[in-house]
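Asks: Heads up: the sequence lines are chains A and B, in that order.
Going by this note's numbering, the first residue of the first sequence is number 1, and it counts up by one from there.
Going by this note's numbering, the first residue of the second sequence is number 1001, and it counts up by one from there.
Before I ask anything, let me first share the structure, which is written out below as structure tokens.
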Amino acid sequence: MRTRAALTVLALGGFASRGAAQTADTLAAARQLYDALSVEQAVPILHRIVASSWSLPVSAAERVTAYQYLGASFQLLHARDSALDAFRAAIRADPFADLDPQRFTPTQVGIYRAAQDSEFAVGVRPVDSVRIDPRNEHLTLQVLSTHNATIQVSLVTPDKRTVSLYAGPNRGLRQVEWDVLMADGSFAGAGRYELRVAGASAIVNRTDSARVYFDVRLEGPALTDTLASLEAGDQVPVHYGSAWARHDLLRALTVAVGAVVLADALPNDKVDGSHVRAQVVAGAAILAAAGTLLYRHAHPDLGQAVAENARRNAARAEQNAAIRQENATRLNQARLIITPAAGAAP
Amino acid sequence: MSRALLSLAFATGLLRSAASAQGGVSVSLLISSQEHRVDAGFGMVNTRGWVLGAMVGVGLASHLRVQVTATSGTLTTPSNNTDNEDVADVSALVQWSPAAWVSFNGFGSARSATTPLARQHWTSAGLGADLRMPLIGSATEGFLRLNVPLLVSVSGLAAPSVSVEGGAGLRYRQGRFLGQLTYGLLRYDFPPAAGRTRLEEISTLTIGAGLLFGR
Chain A
1 MRTRAALTVL
11 ALGGFASRGA
21 AQTADTLAAA
31 RQLYDALSVE
41 QAVPILHRIV
51 ASSWSLPVSA
61 AERVTAYQYL
71 GASFQLLHAR
81 DSALDAFRAA
91 IRADPFADLD
101 PQRFTPTQVG
111 IYRAAQDSEF
121 AVGVRPVDSV
131 RIDPRNEHLT
141 LQVLSTHNAT
151 IQVSLVTPDK
161 RTVSLYAGPN
171 RGLRQVEWDV
181 LMADGSFAGA
191 GRYELRVAGA
201 SAIVNRTDSA
211 RVYFDVRLEG
221 PALTDTLASL
231 EAGDQVPVHY
241 GSAWARHDLL
251 RALTVAVGAV
261 VLADALPNDK
271 VDGSHVRAQV
281 VAGAAILAAA
291 GTLLYRHAHP
301 DLGQAVAENA
311 RRNAARAEQN
321 AAIRQENATR
331 LNQARLIITP
341 AAGAAP
Chain B
1001 MSRALLSLAF
1011 ATGLLRSAAS
1021 AQGGVSVSLL
1031 ISSQEHRVDA
1041 GFGMVNTRGW
1051 VLGAMVGVGL
1061 ASHLRVQVTA
1071 TSGTLTTPSN
1081 NTDNEDVADV
1091 SALVQWSPAA
1101 WVSFNGFGSA
1111 RSATTPLARQ
1121 HWTSAGLGAD
1131 LRMPLIGSAT
1141 EGFLRLNVPL
1151 LVSVSGLAAP
1161 SVSVEGGAGL
1171 RYRQGRFLGQ
1181 LTYGLLRYDF
1191 PPAAGRTRLE
1201 EISTLTIGAG
1211 LLFGR
């Protein structure tokens, strides 16, 4: 009796003075009261910890523990519905949380299972820091649904591509293996990844989703990016436009007029003779202009441009093949470093 | 005789452009219709005829080309009072093309015109430029030319007071084949001597065909 009183005093007295440690101390005191079967005294303490009026910092694990002991206490007080509510709150706070059968009674565990069946949630465990050989090792990811459900597990890559890892029925914890390959078979690149799980309950009409982030970093020789495909600005036009025809016509007429003007203006008038030679060239220039227009109408493609573009594309493909070959060699020595991350932005 | 020399000189001057825009080595055969008109103060005399020749062009750098041309032929006259003249010409042209639309020319030539009575020698050197205009992509090129012979020496005559050469034409290339059609006009006005002014004009129409090697 004296012990209970001391624990109560410890739990209620001065908890506002020591911050985060005070929450842990208070929770420890409540657990001791529970262990001493002083559940009537433990319940108000646990209530205070999970109440919105509790001004001290409470970690997620502490909140889950408080709800679990609160539910267990209610069970011992034969308040099954209250116990169920407390366990649901624990599940909502952390879907991965469970009751230890060595510490809690089968009845309490049974009520917890009932809470899991009635409270639907999915969860994804933060990724552990790990070093992976991409050639033969996988990254193990853990997801969970609190009861029977259909879930989808996927990764969103730094360049916003989605890789599906699992889609199908699930109950409880599931380990998903990722071979660090993209959908196209290439190795995962460096950057921030988002691991998503979305689920739809098979028991209640509810859906839920969760996500965590992790960073992938390449350790070893840096890989070289392949060159992007040639865009329009990188290639020469392959079709004659109307401007080309106008310019050709103008140039040809310039030659024709130039020949006639030369024959007329350049000679000394006293020895000026026939201009037929100039007129022949002028006529040929006009015929060349007409021939140009007809030829381009019949052959709208610039043959040399098409060949030049083909040559550029082939050169680009050859460069990329060499880069891929070099990257494959480098990847044999590379390792992927996986570290958990806090959010979407790097 | 002088008319024959002038005719040859002018013909070869215009023929120098046969492969001006090409790289490698070009070899072309030329045939030119020429008319030589002279007024030495005694009324106008004209001769006309065909001149044959060959031209070799060599690309020395991406924008620099040298051409050597040799031509020869006979110009005849319809008048019984004037002699025919045999003309021959050797000339060299250096063309620098800093841009696709323009070439700057430097040239020199040695010419002779022979009649039954005399042989006259001409030498000249000068500068000029071509305005170049591509047609049908790069297969055909039109051009306008203005050359100025700055140094002219004519045996038996004073140096001309006015000397200018104009031209217009088309050049064609398809693979190794080269072709050209060129109109040219050469004008020489000599200073008055003994109260008479000598005027000369040569107009030409030249057709050339050749092959390009080494490119």
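Glycine included, each C-beta is placed from N, C-alpha and C at the ideal position.
Every value quoted in this text rests on a predicted model; they were computed, and no experiment measured them.
1) How many whole angstroms separate the CB atoms of VAL1148 of chain B and GLY1126 of chain B, which I take to be in contact at a CB cut-off of 8 Å?
2) Between which residues of its own chain and GLY1041 of chain B is the CB-CB distance below 6 Å, once the five residues before and five after are set aside?
3) Which of the three DSSP states, helix, strand or coil, is assigned to SER1109 of chain B?
4) Which residues mark the beginning and the end of the alpha helix (DSSP H) in which GLU62 of chain A is found?
5) Of all the CB atoms in chain A, is at least one closer than 8 Å to the CB of SER1203 of chain B?
6) What's the call for PRO169 of chain A, buried or exposed, on a 16-neighbour Cβ count within 10 Å?
7) Quick check: is the beta carbon of THR224 of chain A nearer than 8 Å to any beta carbon in chain B?
8) DSSP three-state call for GLU1201 of chain B: helix, strand or coil?
9) Using the three-state DSSP reduction, which class does ILE49 of chain A fall into: helix, strand or coil?
10) I'd like the list of long-range same chain contacts for ASN283 of chain A, defined as Cβ closer than 8 Å, with 5 residues on each side in sequence excluded.
11) Comparing C-alpha positions only, which one of A:HIS275, A:GLN175 and A:LEU250 sits nearest to VAL260 of chain A?
12) Please confirm if the stretch 135-152 of chain A is in contact with the stretch 192-205 of chain A, defined as three or more CB-CB distances below 8 Å between the two stretches.
13) Answer yes or no: does any C-beta atom of chain B fall closer than 8 Å to that of VAL236 of chain A?
14) Within 10 Å of its beta-carbon, does ALA11 of chain A have 16 or more other beta-carbons around it, so buried, or fewer, so exposed?
15) Please identify the residue among A:ALA93, A:ARG196 and A:GLY185 whose C-alpha is closest to the C-alpha of VAL143 of chain A.
16) Could you pull the start and end residues of the alpha helix (DSSP H) that GLY291 of chain A belongs to?
17) Determine the direct distance from the alpha carbon of PHE96 of chain A to that of GLN116 of chain A, and round the result to whole angstroms.
18) Would you call the CB atoms of ARG1176 of chain B and LEU1135 of chain B closer than 8 Å?
19) According to the Cβ coordinates, are GLU308 of chain A and VAL236 of chain A closer than 8 Å?
20) Any C-beta of chain B sitting closer than 8 Å to the C-beta of ALA290 of chain A?
21) Whole angstroms are fine: how far does the CA of LEU70 of chain A sit from the CA of LEU173 of chain A?
22) Would PRO134 of chain A count as contacting chain B if we go by Cβ distances under 8 Å?
23) For VAL153 of chain A versus LEU165 of chain A, is the C-beta spacing smaller than 8 Å?
24) Could one say the Cβ of PRO347 of chain A lies closer than 8 Å to chain B's Cβ atoms, at least one of them?
25) Taking the alpha carbon of GLU194 of chain A as the point to measure from, which residue in A:PHE104, A:THR107 and A:VAL156 has its own alpha carbon closest?
26) By alpha-carbon positions, which one of A:ALA315, A:GLN333 and A:ASN268 ends up nearest to VAL1162 of chain B?
27) Give the range of the beta strand (DSSP E) segment to which PHE1177 of chain B is assigned.
28) Among the residues of its own chain, which have a CB less than 6 Å from the CB of THR339 of chain A, if the five just before and after it don't count?
29) Does the stretch 97-112 of chain A come close enough to the stretch 182-192 of chain A that 3 or more CB-CB pairs lie under 8 Å?
30) What residue from A:LEU336, A:LEU287, A:LEU293 and A:PRO134 has the CA that sits closest to LEU1170 of chain B's CA?
31) By the criterion of Cβ-Cβ separation under 8 Å, what are the contact partners of THR254 of chain A in chain B?
32) With 16 as the cutoff for other CB atoms within 10 Å, does PHE1213 of chain B come out buried or exposed?
33) Quick one: Cα of ALA222 of chain A to Cα of ILE132 of chain A, how far?
34) Going by DSSP in three states, PHE214 of chain A sits in which element: helix, strand or coil?
35) Any beta carbon from chain B within less than 8 Å of ASP248 of chain A's own beta carbon?
36) Thinking just about the alpha-carbon of each residue, which of B:ALA1129, B:TRP1101 and B:ASP1083 is nearest to the one in THR1114 of chain B?
Replies: From the atom records:
1) The Cβ separation is near 5 Å, so the contact holds.
2) ARG1196
3) DSSP places SER1109 of chain B in strand when its eight states are reduced to three.
4) Counting along the chain, the alpha helix (DSSP H) containing GLU62 of chain A begins and ends at 60-76.
5) yes
6) exposed
7) no
8) For GLU1201 of chain B, the secondary structure class from DSSP, reduced to helix, strand or coil, is strand.
9) helix
10) Note on identity: in this sequence residue 283 of chain A is Gly, with Asn being the wrong assignment. Counting only Cβ-Cβ distances below 8 Å, and skipping sequence neighbours, we find ALA256.
11) A:HIS275
12) yes
13) no
14) Note that ALA11 of chain A scores 48 on pLDDT, short of 50, meaning its location in the model is unreliable and no value can be drawn from it.
15) Of the candidates A:ALA93, A:ARG196 and A:GLY185, A:ARG196 places its Cα closest to the Cα of VAL143 of chain A.
16) 276-298
17) 11 Å
18) no
19) yes
20) Chain B contact via Cβ: absent.
21) 24 Å
22) no
23) yes
24) Missing from the structure shown is residue 347 of chain A; chain A here goes from 1 to 346 and no further.
25) When only C-alpha atoms are compared, the closest one is A:VAL156.
26) A:ASN268
27) 1177-1189
28) SER129 and ASP215
29) Because the criterion of three Cβ pairs below 8 Å is not met, the stretch 182-192 of chain A and the stretch 97-112 of chain A do not touch.
30) A:LEU287
31) Listed along chain B are MET1133, GLY1142 and LEU1144, each with a C-beta nearer than 8 Å to that of THR254 of chain A.
32) Looking at its Cβ environment, which holds fewer than 16 other Cβ atoms inside 10 Å, PHE1213 of chain B is exposed.
33) 16 Å
34) strand
35) yes
36) Of the candidates B:ALA1129, B:TRP1101 and B:ASP1083, the one whose C-alpha sits nearest the C-alpha of THR1114 of chain B is B:ASP1083.
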